[in-house]
Amino acid sequence: MPTPRVLISEEASKVVDELRTVHGPLMFHQSGGCCDGSSPMCFPKGELMIDQNDVWLGNIHDCDFYMSEDQFNYWKHTQLTIDITTGRGSSFSLEIPLGKRFVIKSR
Numbered sequence: 008m009p010t011p012r013v014l015i016s017e018e019a020s021k022v023v024d025e026l027r028t029v030h031g032p033l034m035f036h037q038s039g040g041c042c043d044g045s046s047p048m049c050f051p052k053g054e055l056m057i058d059q060n061d062v063w064l065g066n067i068h069d070c071d072f073y074m075s076e077d078q079f080n081y082w083k084h085t086q087l088t089i090d091i092t093t094g095r096g097s098s099f100s101l102e103i104p105l106g107k108r109f110v111i112k113s114r
């Protein structure tokens with residue numbers, strides 16, 4: 008069985024559960040450097056248009072996770088873990104009003 012490309016921490020999963028109760032099904036996209044730098048952004052499923060330049064990395068806690076092909080070429084040899092931290096970011100990601108933000112860790 009291949010190693011998953013993307014994982015999610017237990018604490019981040021709890022935030023996803025909280026967001027899902029308000030917004031319904033969710034999705035993630037690894038931002039490409041605007042606003043909060045390069046952060047995982049959470050949206051209601053289908054709100055962000057995915058196209059041929061996006062790569063599906065996997066499904067974490069019932070959420071599809073995508074990133075641009077250019078970023079994927081840089082990160083393709085790493086395993087990413089979505090985590091959560093306290094602090095407001097400046098993106099449009101759904102967790103921001105909670106005073107939290109998703110972060111990405113690589114190995």
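Residue 18 in this note's numbering sits at position 11 of the sequence shown; the count goes up by one each step and never skips.
Virtual Cβ for every residue (Gly too), placed ideally from N, Cα, C.
All values reported here derive from a predicted model rather than from experimental measurement.
Fewer than three beta-carbon pairs drawn from the region 91-111 and the region 67-76 are found closer than 8 Å, and the two stretches are therefore not classed as touching. Contact annotation, Asp71 with Ala19: C-beta distance approximately 15 Å; criterion of less than 8 Å not satisfied. Exclusion of the five residues before and after Pro47 leaves Phe35, Gln37, Ile89, Phe109, Ile111 as the residues of its chain whose Cβ lies within less than 6 Å of its Cβ. One alpha carbon belongs to Arg95, the other to Leu101, and they sit about 11 Å apart. Annotation for Gln78: Gln37, Gly39 place their beta carbon closer than 7 Å to its own, counting only its chain and skipping 5 residues before and after. Straight-line measurement puts the Cα of Val13 at about 25 Å from the Cα of Pro104.
Across the set Lys21, Asp61, Ser45, Val62, the C-alpha of Ser45 shows the shortest separation from the C-alpha of Ser98. Around the Cβ of Met74, a 10 Å sphere holds 16 or more other Cβ atoms; the residue is buried. According to the DSSP secondary-structure assignment, Ser113 is paired through a beta bridge with Leu87.
Looking from the CA of Ser113, the closest CA among His84, Val22, Met56 belongs to His84. Secondary structure of Thr28 (DSSP, three-state): helix.
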